[in-house]
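All letters in the sequence shown, in the order written, are residues 4 to 288 by the working numbering.
Everything below concerns the one structure shown next.
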Amino acid sequence: MKRLFVLPLMFLVFGCARNHFNVPVENFTNKVRVLGVAPIMIDAGSDIRHPQKDELITLVADTNRTYDLQFVRKLKGTGNFYTVAPLDGDPRQIFANLLFRREKRDDATIHYNKYFWKNDGLRDYIRRNNLDAVMLVVVSGLGMTDKISSGNLIKSMTSEYNYLIMTAQILDANGTILWEYPNFRSRILSYDPMINLQYPDFSESDANLSATTNVKFKTLEGIRRTLDLKRKDLLRRETQESEVYGKQFDEMISLLKYDPDKEKKEAPDVEAPKPPANAVVPATP
């Protein structure tokens with residue numbers, strides 16, 4: 004019986020949503036004409052368990068800088084904004100100045116780190132850069148239970164693994180979250196982490212005829228190669244876009260695109276209510 008009530012509620016929440024913003028789309032498009040994009044930040048205080056944590060943080064910070072402008076170009080391509088401005092500054096310092104607190108969340112089975120920012124610092128940052136709103140993108144560490152299969156799909160192992168994830172928010176000078184990723188306004192919720200920092204070593208357990216499989220951390224060089232792995236075009240030629248970052252960017256862009264003309268065309272016609280079958284229809288004089 005419980006499911007009979009839950010499913011209609013989910014339809015009302017997700018099925019009727021016409022946009023992925025936390026405010027009416029018209030309010031967003033009218034209000035946010037100049038969007039600033041802060042450098043992609045990494046949360047060094049989050050749950051990053053790699054034994055070479057400091058070196059990993061440096062690696063990710065460098066990689067973030069490599070793909071910052073690619074994301075800005077994708078945002079410009081949406082046509083949603085009059086200007087999309089990449090902002091200068093040290094991402095570590097920006098993060099330290101703005102962060103109020105983080106909160107590990109499990110919302111509708113989606114695990115992520117949600118960030119809350121200092122109102123005064125955020126307001127000053129937006130006004131100092133002459134923006135309508137700012138987009139803050141954070142890479143952070145997160146531990147969560149997952150099931151990973153071997154390359155040949157014969158074996159699998161459920162355990163807690165350490166991931167790097169990417170989250171993002173668009174906020175105004177009042178601290179209002181106008182849009183966020185992961186996004187909970189889709190009909191079907193999905194959210195993929197950037198990269199798993201660990202793996203089950205099935206080869207080791209097979210070689211030793213062991214009934215147990217150890218979970219190991221990937222090497223820094225292996226993580227570097229994964230982050231730098233380039234996408235290929237339709238002709239299988241290597242592009243300049245990272246597969247890992249590109250997937251995250253594309254998912255965010257898909258939740259930011261909005262065509263008001265298309266929405267108006269696709270809006271269903273509202274029919275006049277029909278009288279009940281037993282209603283008395285007055286005679287025409």
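Cβ atoms here follow ideal geometry from the backbone N, Cα and C, with glycine treated the same way.
Which of the three DSSP states, helix, strand or coil, is assigned to residue i?
i: Phe-119; result: strand
i: Asp-204; result: coil
i: Lys-267; result: With a pLDDT of 48 at Lys-267, under the threshold of 50, the modelled position of that residue is not reliable, and no figure is offered here.
i: Lys-260; result: coil
i: Tyr-166; result: strand
i: Gly-92; result: coil
i: Gln-73; result: helix
i: Gly-154; result: coil
i: Leu-78; result: helix
i: Gln-243; result: strand
i: Gln-251; result: helix
i: Ala-322; result: In the structure as shown, the chain begins at 4 and stops at 288. Residue 322 is therefore absent and cannot be evaluated.
i: His-23; result: coil
i: Leu-134; result: coil
i: Ala-171; result: strand
i: Asp-50; result: coil
i: Lys-34; result: helix
i: Thr-61; result: helix
i: Leu-238; result: coil
i: Phe-84; result: coil
i: Leu-223; result: helix
Under the assumption that residue i contacts residue j (Cβ atoms under 8 Å), give the Cβ distance between them as a whole number of angstroms.
i: Leu-101; j: Leu-125; result: 6 Å
i: Leu-174; j: Leu-181; result: 7 Å
i: Lys-77; j: Phe-252; result: 5 Å
i: Tyr-118; j: Tyr-194; result: Incorrect: roughly 15 Å between the Cβ atoms, too far for contact.
i: Leu-46; j: Phe-98; result: Sequence inspection shows Asp at residue 46; the Leu mentioned does not correspond to that position. With a Cβ gap of about 7 Å, Asp-46 and Phe-98 count as contacting.
i: Val-37; j: Asn-186; result: Between Asn-186 and Val-37 the Cβ distance is about 22 Å, and since that is not below 8 Å, they are no contact.
i: Asn-25; j: Glu-183; result: 7 Å
i: Asn-83; j: Thr-32; result: 7 Å
i: Val-35; j: Tyr-261; result: Not confirmed; about 11 Å, so no contact.
Can you name, in chain order, every residue of its own chain whose Cβ lies under 6 Å from the Cβ of residue i, other than the five neighbours on each side?
i: Ala-88; result: Gly-39
i: Asp-50; result: Gly-144, Leu-145 and Gly-146
i: Lys-158; result: Phe-205
i: Leu-232; result: Glu-246
Going by CA-CA distance only, name the one from the options that's closest to residue i.
i: Lys-42; options: Phe-103, Val-137, Ala-214 and Phe-31; result: The residue you asked about is not Lys; residue 42 is Pro in the sequence shown. Cα-wise, what sits closest to Pro-42 is Val-137.
i: Ser-162; options: Ser-152, Thr-81, Glu-254 and Ala-171; result: Ser-152
i: Tyr-164; options: Leu-232, Gly-178, Pro-196 and Tyr-85; result: Pro-196
i: Lys-219; options: Gly-92, Pro-54, Glu-254 and Gln-243; result: Pro-54
i: Val-142; options: Phe-74, Lys-233, Thr-32 and Ile-60; result: Ile-60
i: Tyr-248; options: Val-140, Phe-24 and Asp-57; result: Val-140
i: Thr-86; options: Asp-135, Glu-254 and Asp-57; result: Asp-135
i: Leu-230; options: Gly-154, Lys-56 and Val-63; result: Val-63
i: Thr-222; options: Thr-216, Leu-200, Thr-242 and Lys-235; result: Leu-200
i: Met-160; options: Ala-214, Ser-257, Asp-236 and Lys-79; result: Ala-214
i: Leu-258; options: Arg-104, Asp-209 and Thr-81; result: Thr-81
i: Tyr-128; options: Asn-67, Asp-109, Ala-210 and Pro-94; result: Pro-94
i: Met-169; options: Asn-30, His-23, Asp-57 and Asn-67; result: Asn-67
i: Arg-105; options: Asn-155, Gly-48 and Lys-150; result: Gly-48
i: Gly-178; options: Asn-217, Ala-210, Asp-123 and Arg-239; result: Asp-123
i: Ile-256; options: Gln-172, Tyr-202, Ile-113 and Lys-150; result: Gln-172
i: Met-44; options: Lys-56, Gly-92 and Lys-79; result: Gly-92
i: Pro-203; options: Glu-58, Arg-190, Ala-210 and Asn-217; result: Asn-217
Please go through the same chain and pick out, in chain order, the residues whose beta-carbon is closer than 8 Å to the beta-carbon of residue i, but skip the five residues on each side of it.
i: Leu-72; result: Pro-89
Leaving aside the five residues before and after residue i along the sequence, list all residues of the same chain whose C-beta is less than 7 Å from its C-beta, in chain order.
i: Arg-130; result: Ala-176
i: Val-75; result: Val-40, Val-87 and Pro-89
i: Tyr-70; result: Ser-245 and Tyr-248
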